[in-house]
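Note sheet for the following structure.
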Amino acid sequence: MTGQSKTKVRAVAYGSSVGAALLVAACLGFDVAQAQAIMRTPTISVPSRTPTISPSIAPRVSPNVAARAVSVDRGPRTMATIPNATTSRVRPTTPVLPHARYSPNLYPACTAPHRAADGECSGQSNAGGEGAGKSAKKSAGKGRGNNTPAVVTSRSIAGEFVAEIDGALSTTEADELARRHGLTRVASENFPLIGATFGLFRITDGRPYETVRREFAADASVRSLQPNFRYALQDQKSSRTTEGDPAQYALTKLRLPQAHTLAQGANVTIAVIDSGIDTRHPELANSIADNFDALGSAEGPHVHGTGIAGAIAAHARLMGSAPEARIIAIRAFGGANGGTESSSYIILRSLNYAAEHGAQIVNMSFAGPKDAVIERAIAATAARGLVLVAAAGNAGAKSPPLYPAANPNVIAVSATDQQDKLFSASNRGNYIAVAAPGVDIFLPAPDGKYQMTSGTSFSAAYVSGVAALLLERNHALKPEALRMTLAKTARDRGSPGRDELFGDGQTDAFAAVMAVPANSATPVAAASGTTKREDADKRRDAPGSRAIEQPSLSSSDDKSAISQMDRPATR
Numbered sequence: 325m326t327g328q329s330k331t332k333v334r335a336v337a338y339g340s341s342v343g344a345a346l347l348v349a350a351c352l353g354f355d356v357a358q359a360q361a362i363m364r365t366p367t368i369s370v371p372s373r374t375p376t377i378s379p380s381i382a383p384r385v386s387p388n389v390a391a392r393a394v395s396v397d398r399g400p401r402t403m404a405t406i407p408n409a410t411t412s413r414v415r416p417t418t419p420v421l422p423h424a425r426y427s428p429n430l431y432p433a434c435t436a437p438h439r440a441a442d443g444e445c446s447g448q449s450n451a452g453g454e455g456a457g458k459s460a461k462k463s464a465g466k467g468r469g470n471n472t473p474a475v476v477t478s479r480s481i482a483g484e485f486v487a488e489i490d491g492a493l494s495t496t497e498a499d500e501l502a503r504r505h506g507l508t509r510v511a512s513e514n515f516p517l518i519g520a521t522f523g524l525f526r527i528t529d530g531r532p533y534e535t536v537r538r539e540f541a542a543d544a545s546v547r548s549l550q551p552n553f554r555y556a557l558q559d560q561k562s563s564r565t566t567e568g569d570p571a572q573y574a575l576t577k578l579r580l581p582q583a584h585t586l587a588q589g590a591n592v593t594i595a596v597i598d599s600g601i602d603t604r605h606p607e608l609a610n611s612i613a614d615n616f617d618a619l620g621s622a623e624g625p626h627v628h629g630t631g632i633a634g635a636i637a638a639h640a641r642l643m644g645s646a647p648e649a650r651i652i653a654i655r656a657f658g659g660a661n662g663g664t665e666s667s668s669y670i671i672l673r674s675l676n677y678a679a680e681h682g683a684q685i686v687n688m689s690f691a692g693p694k695d696a697v698i699e700r701a702i703a704a705t706a707a708r709g710l711v712l713v714a715a716a717g718n719a720g721a722k723s724p725p726l727y728p729a730a731n732p733n734v735i736a737v738s739a740t741d742q743q744d745k746l747f748s749a750s751n752r753g754n755y756i757a758v759a760a761p762g763v764d765i766f767l768p769a770p771d772g773k774y775q776m777t778s779g780t781s782f783s784a785a786y787v788s789g790v791a792a793l794l795l796e797r798n799h800a801l802k803p804e805a806l807r808m809t810l811a812k813t814a815r816d817r818g819s820p821g822r823d824e825l826f827g828d829g830q831t832d833a834f835a836a837v838m839a840v841p842a843n844s845a846t847p848v849a850a851a852s853g854t855t856k857r858e859d860a861d862k863r864r865d866a867p868g869s870r871a872i873e874q875p876s877l878s879s880s881d882d883k884s885a886i887s888q889m890d891r892p893a894t895r
C-alpha cells in the first residue's frame, strides 16, 4: 500500500471515530456547545451584604438597631441551573442587592393604547368596579370641574372627592350640599395658601362613582372636583432586621464636613411633610420647632419620617446635612399600609400649614400622580418664595414622571449609591435636577434605634439640608438662585453634561456653600465660645426668631450673584 493510500485510510478511520462520538452525544441528549460550556463552569461570586465590623474598633451604634430596609421584591429571584454541576458549589444565600417594585397604590397596569402622553392610565373602566365603565376620554368635558379624568383607579381613594366649594357656605350648608348628592362631608376648610375652600366628600348611598361625579360637578356651589389621589412615601420596605453599619459614606460624597465649617443650617426652618417623627430621639434633640398632625391621628412615630428628619438634622452619633436646622414635623402619612399612604386633601392641608407657619424649605419625600389641587398648592407655595424639594420616586426606569417632583417649581432628586451609580429603582426624566446618596443610608429610627435604608426619599432629605446651608449662608437667596447654585456646583455623573439620570450631577454641599456670598446679617454660630447647638438653642428661644423674611421669586440680577466665591469665615 502506498503512503497516499495509508493517509486516506487514517483519515477515514479518524472521521468514523468522530462521527461515532457525535452520534453518542446526540443519543444522550447533549450538544457540543453545551458540553464545552460544562467544561467552563463559571465561578459565581456573590458579595456579602453583611457589614464587616473590626473588633479593634469601638462600636458607634447601640445594639438595639431597627430594621434595615433593603429588600422589597418584585418576586422570587432564580439562578440558572448549571448542568452536571455539584450541589456543594452552590450555597444558599440571603437576598443580595435590593430590587425595586412599583408601589401598588401609584400606577395601575395598563397597556400602551390606554396610557396617555403623561403616563397616566386613561380610557379604562373603573379599576374598582365602580362607575359606568366609561373611558376618561368619553367622559371628558362633561359637567363642570377641572377636567380631571373621571376614571378612579388604585391611584385614588375609592368613593372620595376633593372639591373646591363656595367659601361663603357655612358648615351646615356644606353638609346640606353633600346630602343633596348622596355624599358625606368628611372635612372642609379654607386654605389661605391658595385662597380657596376645599372639602373632602365621600359617597354614602352606593351610587356609581361616575354618576355622582357628574351630578356633583354640575352643582353651582362646586368650583372644581377631582378624585382624592393617593401618595406614597419613597423608601423601600424592610423584611428583616440586622445590625446597621455606622459608616456614613454620604458625608464624604456630599463633602458635608467641609461645608459645615461654613454653615450648618442655623436659623433655617424646614417643613418635613412625611409620617410621624420621633421627636425624642437623641439625634433630633432640640431640632423640632413645631408639630402638626394633618391626619388628626394619635399614631406614634414612624420609621420613614424619623429617618427623613435624621438625614436633615441628626447631630449625635450621626450627622445630618443641616444639623442646626429647625424642623416643622408635619404628619401627612399614616394609618393604611403601615403608615406610608396619604391623599390629596391631606397633602393640601400640610402644604398650607408649612406656608402659613414660617417654613423656608419644604421636603416632600413622597410621590403620586399629577394632581390639579396639589399642583395649584405647589405653585402658590413657590410664589411665596419657599424652596421645594421632592424625591424623584422609586418606580424605576419605565415609570412615567411622578409628582410633586416633576412639577417645574420643585427640585427633583434622584439617588446614587456608594459607587456613584444610579440607584436601580430611581426614576429618570428630564425633570431630575440633581442626585444625592440614597442607597444604604444610616439613619435614626423610632424609640432611639437606628436603621439602614434606601430610597430617593433620603436623597431629597439630604438636598433639603444642603439648601438650608445655603440659606444660612445668605438668607436673602431666592429659590431660583438656590436651584442654580446646586446645579452649577454639582459634580457631573453619567454621560457628560445634564442627563435624565443624575440631572446636573451629584450634589456638592461644600462647592455650593462656597458659591454663595456670605450675608453679614446671617447669625454666626459659636461666636461667643459656646458650642454650635447651645448657641442655636438660644436663638430658638429669642423672641421673633422665626420671623425670617421670606425671599420672593428670583430676578435675572440674582442669578449672576451665585458665581461669586467667598473665602471661609473664621469660626
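The working numbering puts the first residue of the sequence shown at 325, with every later residue one more than the last.
For each residue, glycine too, the CB sits at the ideal point set by N, CA and C.
These figures come from a predicted structure and were not determined experimentally.
When the alpha-carbon of residue 818 is set against those of 833, 776, 771, 738, the nearest one is in 738.
Where residue 813 is concerned, the enclosing alpha helix (DSSP H) starts and stops at 803-813. DSSP places residue 737 inside the beta strand (DSSP E), whose first and last residues are 735-740. By the C-beta density criterion, residue 742 is exposed, having fewer than 16 other C-beta atoms within 10 angstroms. Per DSSP, residue 667 lies in no alpha helix (DSSP H); the unbroken beta strand (DSSP E) holding it starts and ends at 665-667. Cα atoms of residue 482 and residue 646: separation of roughly 40 Å, rounded to the nearest angstrom. Bridge pairing for residue 690: 557 [DSSP].
According to DSSP, residue pairing for residue 752 in a beta bridge does not occur.
When the beta-carbon positions are compared, residue 702 and residue 618 stay at least 8 Å from each other.
Counting along the chain, residue 577 sits inside the alpha helix (DSSP H) bounded by residues 573-578.
Rounded to the nearest angstrom, the gap between the Cα atoms of residue 692 and residue 772 is 31 Å. Exclusion of the five residues before and after residue 575 leaves 581, 643 as the residues of its chain whose Cβ lies within less than 8 Å of its Cβ. For residue 482, the uninterrupted beta strand (DSSP E) run begins and ends at 480-489, by DSSP. The C-beta of residue 511 has fewer than 16 other C-beta atoms within 10 Å across all chains shown, which makes the residue exposed.
Residue 632: member of the alpha helix (DSSP H) spanning 627-637, first to last residue. Per DSSP, the continuous beta strand (DSSP E) segment holding residue 525 begins and ends at 520-527. Less than 8 Å separates the beta-carbon of residue 514 from that of residue 521.
A distance below 7 Å between beta-carbons, with the five flanking residues on each side excluded, links residue 606 to the following residues of its chain, in chain order: 640, 772.
Shown here, residue 768 sits in a strand according to DSSP, grouped into three states. Beta bridge pairing from DSSP links residue 617 with 655.
With respect to residue 768, residue 630 sits close: the two C-beta atoms are nearer than 8 Å. When DSSP reads this structure, residue 550 sits in a beta bridge with 486.
Beyond the five residues adjoining it in sequence on each side, residue 491 comes within less than 8 Å, by CB distance, of 514, 520, 521 in the same chain, given in chain order.
Beta-carbon to beta-carbon, residue 780 and residue 717 are separated by about 6 Å, close enough to satisfy the 8 Å threshold. Contact check for residue 793 and residue 837: beta-carbon distance about 5 Å, within the 8 Å limit, so the pair qualifies. The alpha-carbon separation between residue 689 and residue 728 amounts to approximately 9 Å.
The residue from 833, 657, 577, 529 with its alpha-carbon nearest to that of residue 616 is 657. Here residue 517 is near residue 675, since their CB atoms are less than 8 Å apart. The Cβ neighbour count for residue 500, taken over all protein chains shown within 10 Å, is under 16; the residue is labelled exposed. Comparing alpha-carbon positions, the option among 747, 637, 730, 766 lying closest to residue 790 turns out to be 637.
Under DSSP, residue 513 forms a beta bridge with 522.
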